[in-house]
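With the first letter of the sequence shown counted as 1, position 102 gets the number 102 in UniProt numbering; the numbers rise by one all the way through. Glycine included, each C-beta is placed from N, C-alpha and C at the ideal position.
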Amino acid sequence: MQNTKPGRAKVILEKVTPETLKQYAPRLAALTTSHIMNHSRSINFLHPFTSQQAIDLFLKVSPFLSLNGPGRVIMWVAKLPPDERNDALQSINMGGEDTGHSEIVGTVQLAFHTSPNGVHRSEVRKLIVDDRYERRGIARALMIELQRVAKEEGSTLCLLDTEAGYAEHFYTKLGWKLIGYVPNYAMTPDGMEKRDAAYMYLEL
Ligand SMILES: CC(C)(COP(=O)(O)OP(=O)(O)OC[C@H]1O[C@@H](n2cnc3c(N)ncnc32)[C@H](O)[C@@H]1OP(=O)(O)O)[C@@H](O)C(=O)NCCC(=O)NCCS
1 MQNTKPGRAK VILEKVTPET LKQYAPRLAA LTTSHIMNHS RSINFLHPFT
51 SQQAIDLFLK VSPFLSLNGP GRVIMWVAKL PPDERNDALQ SINMGGEDTG
101 HSEIVGTVQL AFHTSPNGVH RSEVRKLIVD DRYERRGIAR ALMIELQRVA
151 KEEGSTLCLL DTEAGYAEHF YTKLGWKLIG YVPNYAMTPD GMEKRDAAYM
201 YLEL
């Protein structure tokens, strides 16, 4: 994968299968929980939650990875190539255990719609980059591949929702258009506050 701007991380994008998902889920859970614990990002969970719940958030996608028709999900991981891997950069879960697969520094899912009149629609889910590797073009690389594959697979409209005022600009740079904001959409991890969501779309 070419990602040549200075400061950019070289990454290899790999499609996840039900078999590799079993191996990668603890690492994907650790990527996610780090954003919740360290940056208070609204991703699914309220405190207290367990590492296993975060693992299950990814494992539940498994049956949809094997589908061929409507409802299928394509999932990628971004991996550092062998010459870029740093043995000191471990992946530790909330319990302090090493999850393995620290070479995985990002992930995203593309979900195709289930209803017959919406088979041309798809949705972006769970775009997450290792917080130690942010702003190095990894999410951009994942999204460019996702958008290419979505189009190749016959999707003409892609949708997503994201926390308002956070990653919207990232998507705008990739050509996504803002539909609008939904107030008080998701709670902060401590349950103390509700944050708005931005709904966005891209025509492919
Ligand atoms: C949002 C997220 C995926 C961005 O990942 P990233 O790898 O740091 O993004 P990139 O480095 O590919 O950024 C691409 C461009 O968007 C910009 N950008 C990235 N994150 C941004 C942000 N939060 N706000 C504004 N601009 C942002 C970058 O400056 C970059 O611009 P450039 O291409 O001109 O250099 C990452 O911060 C993350 O995992 N956040 C937590 C999970 C989350 O909220 N995901 C979104 C859910 S829909």
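Proximity test, residue i beta-carbon vs ligand 1 heavy atom, cut-off 8 Å
i, result
"residue 119", "no"
"residue 127", "yes"
"residue 162", "yes"
"residue 43", "yes"
"residue 104", "no"
"residue 134", "yes"
"residue 111", "no"
"residue 148", "no"
"residue 140", "yes"
"residue 190", "no"
"residue 64", "no"
"residue 137", "yes"
"residue 131", "yes"
"residue 173", "yes"
"residue 39", "yes"
"residue 170", "yes"
"residue 77", "no"
"residue 73", "no"
"residue 124", "yes"
Sequence-distant residues of its chain with Cβ nearer than 8 Å to residue i (five each side left out)
i, result
"residue 29", "51, 54, 55, 57, 58, 93 and 99"
"residue 186", "42, 163, 194, 195 and 197"
"residue 204", "147, 150, 151, 155, 156, 157 and 158"
"residue 15", "74, 75 and 76"
"residue 39", "131"
"residue 199", "159, 160, 161, 178, 179, 180, 181 and 182"
"residue 4", "Low confidence applies to residue 4: its pLDDT is 47, below 50, so where it sits in the model is not reliable enough to give any reading."
"residue 35", "41, 43, 128 and 131"
"residue 46", "187, 189, 190 and 191"
Whole-Å CB distance - residue i paired with residue j, under 8 Å assumed
i, j, result
"residue 146", "residue 124", "7 Å"
"residue 75", "residue 107", "7 Å"
"residue 176", "residue 142", "With 8 Å as the limit, residue 176 and residue 142 do not qualify as a contact, their Cβ atoms being about 14 Å apart."
Residues near residue i by beta carbon distance below 7 Å, same chain, minus five either side
i, result
"residue 226", "It is not possible to answer for residue 226, since the shown part of the chain is limited to 1 through 204."
"residue 17", "65"
"residue 72", "64 and 112"
"residue 8", "136 and 137"
Other residues of its chain near residue i: CB distance less than 6 Å, five sequence neighbours each side excluded
i, result
"residue 103", "79, 80 and 85"
"residue 91", "27, 30, 99 and 102"
"residue 121", "113 and 157"
"residue 21", "62"
Any non-hydrogen atom of ligand 3 within 8 Å of residue i CB
i, result
"residue 167", "Only ligand 1 can be found as ligands here, which leaves ligand 3 out of the picture."
Next on the checklist: Quick check: the stretch 19 to 29 against the stretch 59 to 76, are at least 3 beta-carbon pairs closer than 8 Å?
Outcome noted: Verdict: yes, contact present.
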